[in-house]
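K.L.:
I'd like to ask you about the structure that follows.
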Amino acid sequence: MIEAQVLPTPIGPLSLLTREGVLVAGGFTADPEEMYARLAPALRAEGLDAVDDLGPAGQAVRDYFDGDLTALDAIAVEQPGSATRRRLHQALREVKPGTTVSYAQLAERAGLPRTAARAAGSACAQNLIAPFVPCHRVLPSTGGFGGYYYGTPVKEWLLAHEAGKLSVTT
């Protein structure tokens, strides 16, 4: 069974979905069904159950928004994808809070040629576990914030939070 919890955050609700204690989806939406619909069919076949407390994942979110910017790193995550995509997602998790990388730099950190920037962009676009797999920390080398599945204002807020430019309590 996939378990879901919706947590309030300073930038809106965050839905988390876990399977056997491992985070399989996370996103800035009040409707966990939106995240559930993006899961692989085999996971969706297990069903979805709303719970009041996912334990460590929920606590990590509260801690992150309270200022412990590394709290999300301790949570196990799992999402589908090729070996290349998994390498890129792992490299994303290693980008430190308060820092950003370009798509080419992300590819390089994943052990791929800098020319794999397009693959890095695709890995970000297909990321199911925001902000635990922090694709918000990837910026285009041409400048600006680029896109973000949950909207550029959310990406900008997360980057400002991690840079210490906000003081927020949940």
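Residue numbers are given in my numbering: position 118 of the sequence shown equals residue 126, and the series is strictly consecutive. From the three backbone atoms N, C-alpha and C, an ideal C-beta is built for every residue, glycine too.
#1: State the Cα-Cα distance for the pair LEU136 and LEU25, rounded to the nearest angstrom.
#2: Taking the continuous alpha helix (DSSP H) assigned at ALA171, which residues delimit it?
#3: Leaving aside the five residues before and after VAL176 along the sequence, list all residues of the same chain whose C-beta is less than 6 Å from its C-beta, in chain order.
#4: From GLY152 to PRO49, what does the alpha carbon distance come to, in whole angstroms?
#5: Going by DSSP, what residue range makes up the beta strand (DSSP E) through ALA12?
#6: Around the Cβ of PRO121, are there at least 16 other Cβ atoms within 10 angstroms (buried) or fewer (exposed)?
#7: Quick check: what's the CA-CA separation for THR78 versus LEU15?
#8: Can you give me the Cβ contacts of THR178 inside the same chain, cut-off strictly under 7 Å, excluding the 5 residues immediately before and after it?
#9: Would you call GLU170 buried or exposed, if buried means 16 or more other Cβ atoms sit within 10 Å of its Cβ?
P.N.:
Put simply:
#1: Counting from 1 along the sequence shown, the entry for residue 136 is found at position 128. Counting from 1 along the sequence shown, the entry for residue 25 is found at position 17. Rounded to whole angstroms, LEU136 to LEU25 spans 10 Å at the Cα level.
#2: Within the sequence shown, the letter at position 163 stands for residue 171. First-last for ALA171: undefined, no H or E at that position.
#3: Locating residue 176 in the sequence shown gives position 168, where the first residue counts as 1. Since pLDDT at VAL176 reaches only 47, below the 50 mark, its modelled position is unreliable, and the value read off the structure follows with that caveat. Cβ neighbours of VAL176 beyond the five flanking positions: PRO18.
#4: Here the question's residue 152 lines up with position 144 in the sequence shown. Here the question's residue 49 lines up with position 41 in the sequence shown. GLY152 and PRO49: Cα-Cα distance of roughly 36 Å.
#5: As a position in the sequence shown, residue 12 is number 4, starting the count at 1. 10-15 is the extent of the beta strand (DSSP E) around ALA12.
#6: If you number the sequence shown from 1, residue 121 lands on position 113. Exposed, by the Cβ-count rule.
#7: Start at 1 with the first residue of the sequence shown, and residue 78 comes out as number 70. Start at 1 with the first residue of the sequence shown, and residue 15 comes out as number 7. Approximately 18 Å between the Cα atoms of the pair.
#8: The count along the sequence shown starts at 1 and reaches residue 178 at position 170. Note that THR178 has pLDDT 41, beneath the 50 cutoff, so the model's placement of it is unreliable and the number below is only indicative. Answer for THR178: PRO16, THR17, PRO18, ARG70, PHE73 and ASP74, listed in chain order.
#9: Counting from 1 along the sequence shown, the entry for residue 170 is found at position 162. Burial call: buried.
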